[in-house]
Amino acid sequence: MTFSLLIAQLINGLQTGSVYALVALGYSMVYGIIKLLNFAHGDIIMVGAYMVYYAIASFALPPIVAVILAVGVSTLLGVTVEKVAYTPLRSAPRLSLLITAIGVSFLLENGAQLVFGADQKSMDPMVTGSISMGGISVSYAAIVTIVVSVIAMVVLTIVVNRTKIGKAMRAVSEDMGAAQLMGISLNRTISMTFAIGSALAGIGSVLYLCAYPQASPTMGSMLGIKAFVAAVLGGIGSIPGAMIGGFVIGVLEALVAAAGFSMWKDAAVFLILIIVLVFKPTGILGKKIQEKV
Amino acid sequence: MKKALLFALVLALAVAMPVFAGGGAESSSSASSDTITIAFIGNTTGDYAMYGVPVRNSVVMFFEQLNAAGGINGKQINLLEYDDKADPTETVNAYNLAKSKGATAVFGSVLTGATVALSDVTYDDNMPQITASATSPKVTVMDPDDPNSEVKTNVFRACFLDPFQGEKMAQYASSKYGAKTAAIFYENGSDYSEAIVQGFESQIEACGIKVVAKEAFATGDVDYKAQMTNIAAANPDVVIMPIYYGEAGLAITALRAAGCKAKVIGGDGFGSVKDYASAADLEGTVYMSGYAPGTESVAQFEADYKAKFGTDVPNMFAPLAWDASLLLAEGLKAAEAKGLAAGSAEYKQAVIDAIKGMDAFEGITGSYTFNETNDPIKSVAIIKISGGSELFDEFF
């Protein structure tokens, strides 16, 4: 493999990884707060992608309106799912919550087939063109995707570490009961977490369409599962961990394919999941959990 | 006591029923000195009716036109119609019914499973059978994995098989583009995709083509950037893509984004790919098709179909069913010409021999010659994408 081919594949991997990272952030945040693996998260991206598709391909709205619409609808949907499906189960066993999340995922996928139709919807790419740097052509779509996701992570870190709501989120994740005693509104904080996570999913849906300009009802399922692997690899609950996990998974996929094993891409990703769960279940940046006896 | 009597009466009626029915059939077949009875079996209701209905429509239209033009040898064709709902059991029941009514040839079925079941029973009776659409090798061969397997000599089809498309792709790449190197991009685990790849690879040596890259994707995957970067780096003359239109659109977009300018050749799964990638990226892409929409040879058929059924020809199943009817009618003509009695064993054999012996017989979807396993050696229609539309280019 030549050097320029390797660089090109690394950029491919970073672009895919950025989308994984954005989705993984949503997984991680929700898990950090209520210890729920929100399997409906990938399907929120799917709904966001359909919003972008209809805004641009059917109503010819400018891309910025499409982005706002996608982020807005995703946020609203995420909060609605939380209020309708998860809030009533807050004191139920965690397994009930997990099963409900899978149920919501199926509901969204099959509902989308009913409403949007089962076939893929294809649109013109939003970002076209590429620049050549030292003999390597890099598409603008790749640059936009990587830059946007890094900015999103920086903003999210600032929100979590420097703002009042961020402080409340950290407090709730530390100890739900104690946070409530300190006067933090549990409902508001959890809804806010879902809103931020889903807004990131909305941004992810736009970036996804930059890379693969097609929306389909089941597009969120594999994407969601891979992002979940990224979140576990980075250390579920950790924001920089989710980001690192996303990039690692994306680059790994690209390198496996580059080495000529493109049909083994998915297998490699899930092998990582097994290895992490067996040898370091807390992931790269995860907190150490002390088992209480 | 009364109940028992009633029961006996019902039982007696039930036993007598088939006798009455059989009597009816007897009279229709005995009156067949001036008619030829054939049967259509296909799924016109149920989940896959969108494939069965166009086939049935074409068959009905064909034999109506034939009858209106005087039939065969002055005899009218009596077309029996049965709906098998794509259920192999129903197919076999329908066949037994058709046989009892004196059918001398069978058209059907539409989907692979039902057609294989039908071919197993027609083979025992040496009943001429033709299908428009079933692509599995099992339709005409007992055991496709065994090279010396028994061939169901009485069964024919009008469509080409998946590996055959792959062979045609190799020949096209070599003779039209002078290709020396090729890349393959296929769907891992898809029978359709892998069968075409296998057909392609069986011909590369003969065509002097070297496969420089072979990449795949898993069903449902949409990220092809890494594979396309590999293909672009191998710099092939042509890229073979035996995949369906949705993935094909993404794959071609990714291929061009990776900077590869090679010609793309697709299979019949490419139909309507024009809606799934930009006109610029698709320019010059060709794909193999079972028929050539909008051309002279099918124009009359398309107009008749629209006039009779009020809809455009929905897919390639309709014109293929027309061709299958045409082949069957040719077989019947040959048997009639020999002065044989419809329904007799000699008559059936004559129909089979006539279809088997066809040499470049012209249908509306291409020309027909049958090989040793009764699969058509057929020209494929090459569809070229130019300026964002899919246009018929030539027969190859």
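From first to last, the protein sequence lines are chains A and B. Following our numbering, the numbering of the first sequence begins with 4 at its first residue and continues without gaps. Following our numbering, the numbering of the second sequence begins with 33 at its first residue and continues without gaps. The beta carbon of each residue, even a glycine, is placed where N, CA and C say it ideally should be.
Contact under 9 angstroms by Cβ, V187 (chain B) with A353 (chain B): Taking 9 angstroms as the Cβ cut-off, V187 (chain B) and A353 (chain B) do not qualify as a contacting pair.
Which listed residue (B:V305, B:A289 and B:A339) has its alpha carbon closest to that of I134 (chain A): For I134 (chain A), the nearest C-alpha among the options comes from B:A289.
7 angstroms Cβ cut-off: residues of chain A touching S310 (chain B): Neighbours of S310 (chain B) on chain A, chain order: D127.
Chain-ordered neighbours of M49 (chain A) on chain B, where CB pairs are closer than 7 angstroms: Among the residues of chain B, none has a CB under 7 angstroms from the CB of M49 (chain A); the nearest is roughly 12 angstroms distant.
Which residues DSSP lists as bridging R93 (chain A), in chain order: According to DSSP, R93 (chain A) bridges with nothing at all.
Whether Y127 (chain B) touches V153 (chain B) by CB criterion (9 angstroms): Yes, these two residues count as a Cβ contact at 9 angstroms.
Residue-chain proximity (S60 (chain B), chain A), Cβ-Cβ < 9 angstroms: Reliability fails at S60 (chain B), whose pLDDT of 42 lies under 50, so the model's placement of it is uncertain and the value that follows must be treated cautiously. It does not; no Cβ of chain A falls within 9 angstroms.
Contact with chain A by V412 (chain B), beta-carbon distance below 9 angstroms: For V412 (chain B), not one C-beta of chain A is nearer than 9 angstroms to its own C-beta.
Cβ neighbours of G81 (chain A) in the same chain (closer than 6 angstroms, five flanking residues each side left out): Correct list, in chain order: I47, F197 and S201.
Where G54 (chain B) sits in the DSSP three-state scheme: Summary for G54 (chain B): the model assigns pLDDT 42, below 50, so the residue's position carries little reliability, and this model does not support an answer.
Buried/exposed call for S62 (chain B), threshold 16 Cβ in 10 Å: Any reading at S62 (chain B) must be qualified, since the residue scores a pLDDT of 40, below 50, and its modelled position is unreliable; the value itself is stated next. Exposed, since its Cβ has fewer than 16 Cβ neighbours within 10 Å.
Cβ shell of I384 (chain B) (< 6 angstroms), same chain only, five flanking positions each side left out: Cβ neighbours of I384 (chain B) beyond the five flanking positions: P160 and N186.
Chain A contact for E247 (chain B) (CB, 9 angstroms cutoff): At least one chain A Cβ lies under 9 angstroms of E247 (chain B).
First and last residue of the uninterrupted alpha helix (DSSP H) at T160 (chain A): That run of the alpha helix (DSSP H) goes Y143 to R165.
Pairwise C-alpha distance: G45 (chain A) and L39 (chain A): If I take the Cα positions, the gap works out to 14 angstroms.
Residue interval of the alpha helix (DSSP H) (run including M93 (chain B)): Judged by DSSP secondary structure, M93 (chain B) falls within the alpha helix (DSSP H) whose first and last residues are A81 to A100.
Proximal residues to T144 (chain B) (C-beta, below 8 angstroms), its chain only, five neighbours per side dropped: The answer, listed in chain order, is A166, T167, S168, K170 and V171.
CA nearest to the CA of G244 (chain A), picked from A:Y215, A:V153 and A:L189: The shortest C-alpha separation from G244 (chain A) is found at A:V153.
Straight-line Cα distance separating V272 (chain A) from T19 (chain A): Going by C-alpha positions, T19 (chain A) is about 13 angstroms away from V272 (chain A).
Residue burial classification, G54 (chain B) (beta-carbon count within 10 angstroms, cutoff 16): Reliability fails at G54 (chain B), whose pLDDT of 42 lies under 50, so the model's placement of it is uncertain and the value that follows must be treated cautiously. G54 (chain B) is exposed by the Cβ-count criterion.
Top-ranked residue by Cα proximity to L255 (chain A), from A:I36, A:K268 and A:I59: Ranking the options by Cα distance to L255 (chain A), first place goes to A:K268.
Contact list for the stretch 255 to 279 of chain B against chain A, Cβ threshold 8 angstroms: Of all residues in the stretch 255 to 279 of chain B, the ones placed with a Cβ closer than 8 angstroms to any Cβ belonging to chain A are D255, K257, A258, Q259, T261, N262, A265 and G278, in chain order.
Helix, strand or coil at E315 (chain B) [DSSP, three-state]: In the structure shown, E315 (chain B) sits in coil (DSSP, three-state: anything other than H, G, I, E or B).
Contacts of S140 (chain A) in chain B (Cβ-Cβ under 7 angstroms): In chain order: G291.
Whether I68 (chain B) touches K131 (chain B) by CB criterion (9 angstroms): Cβ atoms of I68 (chain B) and K131 (chain B): not closer than 9 angstroms.
Neighbour flag for V259 (chain A) against chain B, beta carbons, 9 angstroms: It does: the Cβ of V259 (chain A) has a partner Cβ on chain B nearer than 9 angstroms.
Which listed residue (B:I275, B:D157, B:V254 and B:A205) has its alpha carbon closest to that of I241 (chain B): It is B:A205 whose Cα lies nearest to the Cα of I241 (chain B).
Close-in-space but distant-in-sequence residues of the same chain around I409 (chain B) (CB under 6 angstroms, 5 per side omitted): In its chain, beyond the 5 residues on either side, T401 and N403 have a beta carbon closer than 6 angstroms to the beta carbon of I409 (chain B).
Supposed close pair A367 (chain B), A382 (chain B) - CB separation, criterion 8 angstroms: Contact flag correct, Cβ pair sits at about 4 angstroms.
As assigned by DSSP and simplified to three states, the class of S141 (chain B): Three-state result, S141 (chain B): coil.
C-alpha gap between E58 (chain B) and M222 (chain A), whole angstroms: Low local confidence applies: a pLDDT of 40 at E58 (chain B) is under 50, so the model's placement there is unreliable, with the coordinate-based value given in what follows. Approximately 58 angstroms, taken between the alpha carbons.
Residues that L25 (chain B) bridges to, as DSSP identifies them: The structure shown does not extend to residue 25 (chain B), since chain B is modelled only from 33 to 428, so the question has no answer here.
Cβ of T163 (chain B) within 9 angstroms of any chain A Cβ: When Cβ-Cβ separations below 9 angstroms define contact, T163 (chain B) makes no contact with chain A.
Span of the alpha helix (DSSP H), counted from its first residue to its last, around S241 (chain A): Taken as a continuous stretch (DSSP letters only), S241 (chain A) belongs to no alpha helix (DSSP H), as it is neither H nor E.
Chain B within 9 angstroms of L8 (chain A), Cβ atoms only: Proximity of L8 (chain A) to chain B, defined by a Cβ-Cβ separation below 9 angstroms, is satisfied.
Rounded C-alpha distance that separates V124 (chain B) from D156 (chain B): Straight-line Cα distance between these residues: approximately 12 angstroms.
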